[in-house]
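**Student:** Numbering (the UniProt record's numbering), first residue to last: 1 to 307. Even glycine gets a Cβ: it sits at the ideal position worked out from N, Cα and C.
Next up, the structure:
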């Protein structure tokens, strides 16, 4: 009986004390809010005698070293992040510079090639200024052809190119056309063993024949018609021309004499000629497809009147 009566008594005490605890907590909260508001008002005056100032200094003294330590500890991480960002930036910049450099190099190479071709065309027109020239580009050389020393050009019958036409470039005589298609032509080089060209000495106007040796350098042999004539080292040779300008037109430079050897047991001598045209560096050529547009320079007009 006493046990049963005691239990509700304790419950009543707890229930009665609960409102007092709540009132006490509310009073403490109100005091804290009031104190905080008072401190805010006093600190807003920013005076040297502010009661908050010692607290601020104390907090700075306590938390300042901690903040500095945290900043020092975080600094390597920040530096590492900045380093990665800088590496990425430099890598992107380097790739852009490489791309720009490759583009400029390509443009430079193509510009040099265009400049060289323009110079070759200019020299070509100077070599044969009086003839109708069809420019062409070399697209193949030797090997696949039936001749030893030949090249293929990208001009054919559609461009007015026919067999037995003279082919030259800005340095001199290249050879003659031996066969054609509509869009291409095969040229027999003067260095081929089957090639013979009539050549004239510039110095004496003596006539002779230039024959190919069939070697890679394209060296030529020169024999004069007049066995008593003596060619000299340094003499230059030009074509004397063929009947109807086929296969060779007159006046095209062939080469320069490098050595002269007397023929054993016979009169005359044989000269070795270095061609002006390097057979390993031929690109732009011209095919003489028409007669002179005007009389060649140096032509002596016929005398008027008789005797």
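So, at 7 Å on beta carbons, what are the nonlocal neighbours of residue 233 in its own chain, with the 5 sequence-adjacent residues on each side left out?
**Tutor:** 257, 258, 259 and 260
**Student:** Between the C-alpha atoms of residue 170 and residue 226, what's the straight-line distance to the nearest angstrom?
**Tutor:** 31 Å
**Student:** Could you check where the beta strand (DSSP E) with residue 227 kicks off and where it finishes?
**Tutor:** Note, residue 227: premise wrong, no beta strand (DSSP E); not H, not E.
**Student:** On the CB-based measure, 16 or more other CB atoms within 10 Å of its CB, does residue 186 come out buried or exposed?
**Tutor:** buried
**Student:** Does the pairing of the segment 151-167 with the segment 176-194 give three or more beta-carbon distances under 8 Å?
**Tutor:** As far as the Cβ criterion goes, the segment 151-167 touches the segment 176-194, which means the pair count is three or higher.
**Student:** Any chance you could list the beta strand (DSSP E) runs of at least 3 consecutive residues sitting entirely within the segment 168-252, in chain order?
**Tutor:** You should have 173-180, 185-189, 196-201, 207-212, 220-224 and 236-239.
**Student:** Helix, strand or coil: which one does DSSP assign to residue 153?
**Tutor:** strand
**Student:** Looking only at its chain, what residues have a beta carbon closer than 6 Å to the beta carbon of residue 200, apart from the 5 residues adjacent to it on each side?
**Tutor:** 207, 238 and 240
**Student:** Bridge partners for residue 137 per DSSP, in chain order?
**Tutor:** 284
**Student:** Quick check: the Cα distance between residue 158 and residue 135, rounded to an integer number of angstroms?
**Tutor:** Straight-line Cα distance between these residues: approximately 13 Å.
**Student:** Name the two residues that bound the continuous beta strand (DSSP E) containing residue 271.
**Tutor:** 269-275
**Student:** How big is the Cα-Cα spacing for residue 138 and residue 262?
**Tutor:** 38 Å
**Student:** Taking DSSP as the reference, what is the three-state secondary structure of residue 262?
**Tutor:** strand
**Student:** Just confirm the distance between the C-beta atoms of residue 220 and residue 251, as a whole number of angstroms; I'd bet it's less than 8 Å.
**Tutor:** Not quite, the Cβ-Cβ distance comes to about 18 Å (not below 8 Å), so this is no contact.
**Student:** Determine the burial state of residue 278: buried for a count of at least 16 other Cβ atoms within 10 Å of its Cβ, exposed for fewer.
**Tutor:** exposed
**Student:** Return yes when the Cβ of residue 275 is within less than 7 Å of the Cβ of residue 218, no when it is not.
**Tutor:** yes
**Student:** Mark residue 9 as exposed unless 16 or more other C-beta atoms lie within 10 angstroms of its C-beta, in which case mark it buried.
**Tutor:** Note that residue 9 has pLDDT 49, beneath the 50 cutoff, so the model's placement of it is unreliable and no number is given.
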